[in-house]
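Numbering (this note's numbering), first residue to last: 433 to 777.
Have a look at this one:
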């Protein structure tokens, strides 16, 4: 009755635009809200006058990956145990979880993943670099990840595995955070994106993926100009190393360049290097910021976004300002390759 009285007074349901308007979100969230509202009204004739207002909570950049909610689980003896923590996104979940090392991967429809063992190996490697071995049971983590994905009900998901090294020899404390994956705007692959350079963060080991670095990058993203898709870190020698959440590749004179061991060795980066080496010369060398104007193409890579063309760096146009043929070819080749490698959870 209180709902009906409220609706008669306002005749409007205001929803913050935290969630993308999609069939999944309508079925799982907005539809039930409207159904509850209309069923609470005494007069059926009143229902058609209800209005759902879509109010954007803040600016959303084109191509930013968004999810509707996040589910968190603890891995206990190969089982995914739901863990109630106050978090709406993977970033918030990571801040709420114990500090440690992490890896992020994409779960494709029907629970397919790409090179999960490589992601788990990176967890172990990050912990070793910090001098704190994990004692990770890969079979347990794989089993729990599959359970968590099926429990979530998400068609696709971004999964973040966080492992906290134990204080003494023994199994690591592993958590799984899942949010629904909504593919980036297709326009970023058609038109490309603009990125900017920044000084490299000195507070992290480049080959260790740690949660404290994620907190720093989150703050930098909030301060990023609206027309900027990613920030590229540049070292004291003016070399372009990598993005905050991506690896960076440049093409010049028919060859592919990407920074070597001074960057995080992303799983997608490894696949792209393998594929590119079959077609072009590949050099594990970072390009200089002063070379931007001479680049014919550039792109960034990550597990969630795959290969994203870069058409401008620091307002300097790359090539003709459109995604280049080599980048497009690599994206097609990458997508075909991962489908050959898919493993079901």
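Here a beta-carbon is modelled for each residue, glycine too, at the ideal position from N, C-alpha and C.
Keep in mind it's a predicted model, so treat the numbers as computed, not measured.
Where residue i sits in the DSSP three-state scheme
i, result
"residue 513", "strand"
"residue 674", "strand"
"residue 631", "strand"
"residue 750", "coil"
"residue 762", "helix"
"residue 560", "helix"
"residue 481", "Below a pLDDT of 50, predicted positions are generally treated as unreliable, and residue 481, at 35, falls in that range; the measurement from the model is reported next regardless. Three-state DSSP puts residue 481 in a helix."
"residue 611", "strand"
"residue 710", "coil"
"residue 574", "helix"
"residue 579", "helix"
"residue 435", "Legend: pLDDT at residue 435 = 37, less than 50; position of this residue unreliable, no value from coordinates given."
"residue 520", "coil"
"residue 647", "helix"
"residue 691", "coil"
"residue 490", "In this prediction, residue 490 has a pLDDT of 34, which is less than 50 and means its spatial position is unreliable; nothing more can be read from the coordinates."
"residue 459", "Below a pLDDT of 50, predicted positions are generally treated as unreliable, and residue 459, at 44, falls in that range; the measurement from the model is reported next regardless. Residue state, collapsed to three classes: helix."
"residue 464", "Low confidence applies here, because residue 464 scores a pLDDT of 42, under 50, leaving its location unreliable and the question unanswered by this model."
Beta-bridge pairing of residue i - partner residues as DSSP gives them
i, result
"residue 605", "596"
"residue 731", "681 and 741"
"residue 663", "628"
"residue 703", "In DSSP, residue 703 forms no bridge with anything."
"residue 640", "Note: residue 640 sits in no beta bridge, so no partner."
"residue 527", "Residue 527 is not bridged to any residue."
"residue 545", "775"
"residue 533", "595 and 642"
"residue 588", "According to DSSP, which records beta bridges pairwise, residue 588 is partnered with nothing at all."
"residue 719", "According to DSSP, residue 719 bridges with nothing at all."
"residue 508", "511"
"residue 538", "590"
Supposed close pair residue i, residue j - CB separation, criterion 8 Å
i, j, result
"residue 567", "residue 601", "7 Å"
"residue 607", "residue 540", "About 22 Å; that fails the 8 Å criterion."
"residue 512", "residue 519", "Not quite, the Cβ-Cβ distance comes to about 16 Å (not below 8 Å), so this is no contact."
"residue 664", "residue 750", "Incorrect: roughly 12 Å between the Cβ atoms, too far for contact."
"residue 780", "residue 502", "The question about residue 780 has no answer, for the chain in this structure spans 433 to 777."
"residue 384", "residue 695", "Residue 384 lies beyond the residue range present for the chain, which begins at 433 and ends at 777; the question has no answer from this structure."
"residue 727", "residue 683", "6 Å"
"residue 700", "residue 738", "7 Å"
"residue 687", "residue 715", "6 Å"
"residue 595", "residue 555", "5 Å"
"residue 592", "residue 609", "5 Å"
"residue 697", "residue 639", "6 Å"
"residue 627", "residue 662", "5 Å"
"residue 713", "residue 605", "Going by Cβ atoms, the distance from residue 713 to residue 605 rounds to 44 Å, so no, they are not a contact pair."
"residue 689", "residue 706", "The Cβ separation is near 16 Å, so there is no contact."
Minimum Cβ-Cβ distance from residue i to chain B less than 9 Å
i, result
"residue 532", "Absence of chain B from the displayed structure is noted, only one protein chain being present."
Counted within 10 angstroms of its Cβ, other Cβ atoms place residue i as buried (16 or more) or exposed
i, result
"residue 647", "exposed"
"residue 775", "exposed"
"residue 719", "buried"
"residue 679", "buried"
"residue 654", "exposed"
"residue 622", "exposed"
"residue 599", "exposed"
"residue 637", "exposed"
"residue 730", "buried"
"residue 618", "exposed"
"residue 615", "exposed"
"residue 762", "buried"
"residue 570", "exposed"
"residue 708", "buried"
"residue 652", "exposed"
"residue 597", "buried"
"residue 633", "exposed"
"residue 767", "exposed"
"residue 612", "buried"
"residue 722", "exposed"
"residue 538", "buried"
"residue 693", "exposed"
"residue 741", "buried"
"residue 753", "exposed"
"residue 657", "exposed"
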